[in-house]
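**Student:** This structure is in structure tokens; I'll ask about it shortly.
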Amino acid sequence: MTASVPGYDCTIDELMVVAFSRALLPDTRAFNGAVSFIPACAFMLARATHAPNLVWSAGSIGIDAAPKAIPESTLSDGIWQGATMLANSPFDFWAHAQGARYNTFSFRGAQIDRHGNVNNTVIGEYDAPKVRLAGGGGMADLSVMIPRIMLWSTTHTPRTFVRQVDFRSGFGYGDGGNDRESRGMRGGPVVCITNLCVFGFDQNTKHMKIDSLHPGVSFEDVSTATGFELTTPSAPLPVTPRPTSTELQLLRDVIDPHGARRREFS
Amino acid sequence: MISPLQPSLDTTNSANKVLSLSDAVAGIPDGAVIGLGGLSMNSAPMAVVREIIRQGKKDLTMVALVAGLPIDWLAAAGSISRVVTGLVSLEGFGLAQHFRRGVEGRKIIIEEYSEHLLICRLQAQAHGLPFVPTRAGLGTDVLRLHKDTGTVREEVDPATGEHYVACTRLPIDIALVHCHEADQAGNARVNPKLIWMDNELVNAAPHTIISTEAIVETDAFRAEPWRTTYPRFMTNTVVHAPFGALPTSMFPSYSHNSTFYERYVAASGDSKSFQTFFERYVVAPASWEEFLELNDLAKAGTAMGSGHKNK
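Line by line, the protein sequences are chains Y and G. Its first residue numbered 0, the first sequence is counted upward by one per residue in this note's numbering. Its first residue numbered 137, the second sequence is counted upward by one per residue in this note's numbering.
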């Protein structure tokens, strides 16, 4: 079981899905890759609430999919049930992606740094890794091509949130400032939703900053759990808003009745 | 100048390309560079991969864009020395532990790209072009890994000043892909249509081995020619392998088999017990049918949408 959120009548996976969903704009055109249960739930939730015309390509294959439940893989047939089109990967998906017809990309990783760069390749030196991870897959591609990047992590610790990633598998704001823009890439990370807080990014430095704290979490808690410095706030930080009973009911009973989202918490 | 009457060993035009699983795999030399079809838990040519392991092939290079179980099997069996890939994992079931240990212990060299960099390299190979451009990978450390070889390199378009990555040709010897139906001459199709990147491998490779759920008459292709995925001149060998992608999925015929993945991951924790498991349940069965039977796969794997076994 995942931890319950104090005073909110929901668990942390549910709060993260709802926060993710609310961060999705009505014009979202998104897709998902492997082990992306939280975004998949969020796309469906947003579509069922404030963003009815949101476009979601399930597993980057099933456009406008309407699965009866989120299955145990977010990259296999179960998730694209009810799709209006099955896209062919090289000819459809990659043209839609590189042409920026999609505008939203979500990814997570073993390490995320202060500028939203992500590592899912190796921990340690590349040639003598401490841990050989899965690899970036399409992360290096899509982080460059897609303007609106949404990050998430279910393991907010100093091991995950590091000052600098050991390997840049996915590009966020690079070295910060105008680094991304100067490389001709549009947009960048807009949000990073964790099990402790919601991060945004400073407009100028492109450094992560806390947008809201989850209930029961203090600035000090986040600061201790984060491997890079966070600016001490001058005023109390907002608390991540409470999910509505409609949102929770949709998520629990309609979208993800088998609790696939909890597969991201071990 | 080549005489038009010169006899040829080229089997491309052959009317009957059907071989047994063992004969088809016997033709794969040690050290070959193999393009492996499928993506993650979907559509991998597992029957062919298992036969490669059984025949003790060595020193193979696998080109696999996004892969998992087949690469881990080959790593566990000691069949591969190099993997050209963008990602190897068992998704929600965890890391591919034998692949991981192979790379960490430097028994397996990983030549690492991203998905679209590999697609572009395969397209350059297929089209016979020096490179295919993409914006993929700009600014990431993936490009840094290839500074010396220049297989993918950042360049600037002199006309527009835009940065792009030039992806050079990726030569492969043999493509292995699984499909739903093929005829004896090697026309083949995936139902309802190809969604993964297998076509990039087939187009890039001079030799393709197709494994197929069913062998059908050529008339089945003539009746619905718009559904053909690979024409016969792009394929060289046809292997009849029903349920040939299990334990990965073959949409829309069957889903991946969660139970096998769970058993495999559970066994992977301890190397001694893993060897016993791997030998008994993967390598030892004398035929593909016996492998399916022993692991209770054909029955469990036939239902679509069975992937709902969540925590």
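The C-beta atom is built at its ideal place from N, Cα and C for all residues, glycine as well.
#1: Hey, out of GLY171(Y), SER181(Y), ILE60(Y), whose CA is closest to LYS449(G)'s CA?
#2: CA-CA distance, ASP432(G) and LYS194(G)?
#3: ASN149(G): buried (16+ other C-beta within 10 angstroms of its C-beta) or exposed?
#4: Could you say if the stretch 199-211 of chain G and the stretch 220-237 of chain Y meet the contact criterion of at least three C-beta pairs nearer than 8 Å?
#5: Comparing the C-beta of HIS234(G) with each C-beta of chain B, is any distance below 8 Å?
#6: Which chain Y residues sit within Cβ distance under 9 Å of PRO328(G)?
#7: Do VAL216(Y) and LEU247(Y) have their beta-carbon atoms positioned less than 8 Å apart in this structure?
#8: Who does ARG147(Y) pair with in a DSSP beta bridge?
#9: What separation, rounded to the nearest whole angstrom, lies between the Cα atoms of SER404(G) and PHE396(G)?
#10: Evaluate the contact criterion for the stretch 350-367 of chain G versus the stretch 37-45 of chain Y: three or more CB pairs, one atom per stretch, below 8 Å.
#11: Determine which residues of the stretch 381-406 of chain G have a Cβ less than 8 Å from any Cβ of chain Y, and write them out in chain order.
#12: Would you call the stretch 98-112 of chain Y and the stretch 237-246 of chain G in contact, with 3 or more CB pairs under 8 Å?
#13: From the beta carbon of LEU74(Y), is the nearest beta carbon of chain G less than 8 Å away?
#14: Spatial neighbours of ASP220(Y) within its chain, please: CB distance less than 7 Å, with the 5 preceding and 5 following residues excluded, ordered by chain position.
#15: Identify every run of the beta strand (DSSP E) within the stretch 36-71 of chain Y, keeping only runs that are complete inside it and at least 3 residues long; order them along the chain.
#16: Run through DSSP, which three-state label would ARG251(Y) get?
#17: List the whole-angstrom C-beta distance separating ALA99(Y) from MET144(Y), where the pair is believed to meet the contact cut-off of C-beta under 8 Å.
#18: Give me, in chain order, the residues of the same chain whose beta-carbon lies closer than 6 Å to that of PRO25(Y); leave out the 5 immediate sequence neighbours on both sides.
#19: Which runs of the beta strand (DSSP E), 3 residues or longer, sit entirely within the stretch 194-231 of chain G?
#20: Assuming ALA180(G) contacts GLY171(G) under a Cβ cut-off of 8 Å, what Cβ separation, rounded to an integer in Å, is found between them?
#21: Tell me ASN178(G)'s beta-bridge partners as DSSP assigns them.
#22: Check whether the Cβ of GLY77(Y) lies closer than 8 Å to any Cβ atom in chain G.
#23: Using DSSP's beta-bridge definition, name the partner residues of MET207(Y).
#24: Buried or exposed for THR10(Y), going by 16 or more other Cβ atoms inside 10 Å?
#25: Within 8 Å of any Cβ in chain Y, is that where the Cβ of GLY441(G) sits?
#26: Under the rule that 16 or more other beta-carbon atoms within 10 Å means buried, what is THR296(G), buried or exposed?
#27: Starting from the N-terminal side, write out each stretch of the alpha helix (DSSP H) that is 4 residues or longer and does not extend beyond the stretch 334-376 of chain G.
#28: Once DSSP output is grouped into helix, strand and coil, what is the label at ALA324(G)?
#29: Going straight from the alpha carbon of ASN339(G) to that of ALA262(G), what length do you get?
#30: In this structure, how does DSSP classify ASP319(G) when only helix, strand and coil are distinguished?
#31: Would ALA341(G) and ILE310(G) be called neighbours here (beta carbons separated by less than 8 Å)?
#32: Closest by CA to ALA266(Y), which one among PRO294(G), GLU251(G), GLY264(G)?
#33: Can you give me the C-alpha to C-alpha distance between GLY443(G) and SER176(G), rounded to a whole angstrom?
#34: Could you give the DSSP three-state label for MET84(Y): helix, strand or coil?
#35: Going by DSSP, name the residue or residues bridged to ILE192(Y).
#36: Within the continuous beta strand (DSSP E) that includes ASP112(Y), where are the two ends?
**Tutor:** On the basis of the supplied data:
#1: The requested residue 449(G) does not occur in the structure, where chain G is confined to residues 137 to 447.
#2: C-alpha separation (whole angstroms): 29 Å.
#3: Residue burial annotation: ASN149(G) is exposed, with fewer than 16 other C-beta atoms found within 10 angstroms of its C-beta.
#4: No, because fewer than three Cβ pairs between the stretch 199-211 of chain G and the stretch 220-237 of chain Y fall closer than 8 Å, the two stretches do not touch.
#5: Annotation note: the requested chain B is absent from the structure, which comprises protein chains Y and G.
#6: Against chain Y, a Cβ distance below 9 Å from PRO328(G) picks out LEU85.
#7: No, the Cβ-Cβ distance between LEU247(Y) and VAL216(Y) is not below 8 Å.
#8: Its beta-bridge partners are THR103(Y), GLY187(Y).
#9: Cα to Cα, SER404(G) sits roughly 12 Å from PHE396(G).
#10: Between the stretch 350-367 of chain G and the stretch 37-45 of chain Y, the count of Cβ pairs shorter than 8 Å is below three; the stretches do not touch.
#11: When C-beta distances to chain Y are compared with 8 Å, the residues of the stretch 381-406 of chain G below that value are SER385, PHE387, PRO388, SER391, HIS392, SER394, in chain order.
#12: Inter-segment contact for the stretch 98-112 of chain Y and the stretch 237-246 of chain G is absent: fewer than three beta-carbon pairs are separated by less than 8 Å.
#13: Closer than 8 Å to the CB of LEU74(Y) there is at least one CB belonging to chain G.
#14: Around ASP220(Y): LEU195.
#15: Correct list: 54-57.
#16: DSSP, read as helix, strand or coil, puts ARG251(Y) in helix.
#17: Right, the Cβ-Cβ distance comes to about 6 Å (below 8 Å), so this counts as a contact.
#18: For PRO25(Y), where only same-chain residues beyond five positions count, the Cβ hits under 6 Å are ALA50.
#19: Fully enclosed beta strand (DSSP E) runs of 3 or longer: 196-203, 216-224.
#20: No, ALA180(G) and GLY171(G) are not in contact; Cβ-Cβ is about 12 Å, not under 8 Å.
#21: Bridge pairing for ASN178(G): LEU175(G), SER385(G) [DSSP].
#22: With 8 Å as the cut-off, GLY77(Y) counts as an interface residue toward chain G.
#23: DSSP links MET207(Y) through a beta bridge to PHE200(Y).
#24: Buried, since its Cβ has 16 or more Cβ neighbours within 10 Å.
#25: The predicted position of GLY441(G) is uncertain, since its pLDDT is 45 and thus under 50; no value can be drawn from it.
#26: Looking at its Cβ environment, which holds fewer than 16 other Cβ atoms inside 10 Å, THR296(G) is exposed.
#27: Within the stretch 334-376 of chain G, the complete alpha helix (DSSP H) runs of at least 4 residues are 334-340, 354-359.
#28: Strand.
#29: So the alpha carbons of these two residues sit roughly 5 Å apart.
#30: Here ASP319(G) sits in coil by DSSP.
#31: Yes, the pair counts as a contact, with Cβ atoms nearer than the cut-off.
#32: No statement about residue 266(Y) is possible, as the shown extent of chain Y runs from 0 to 265 and does not include it.
#33: Interpretation of GLY443(G) is limited by its pLDDT of 43, a score under 50 that renders its predicted location unreliable; the figure taken from the coordinates is listed afterwards. Going by the C-alpha atoms only, they are around 15 Å apart.
#34: Three-state result, MET84(Y): strand.
#35: ILE192(Y) is bridged to TRP151(Y), VAL197(Y).
#36: Where ASP112(Y) is concerned, the enclosing beta strand (DSSP E) stretches over 110-112.
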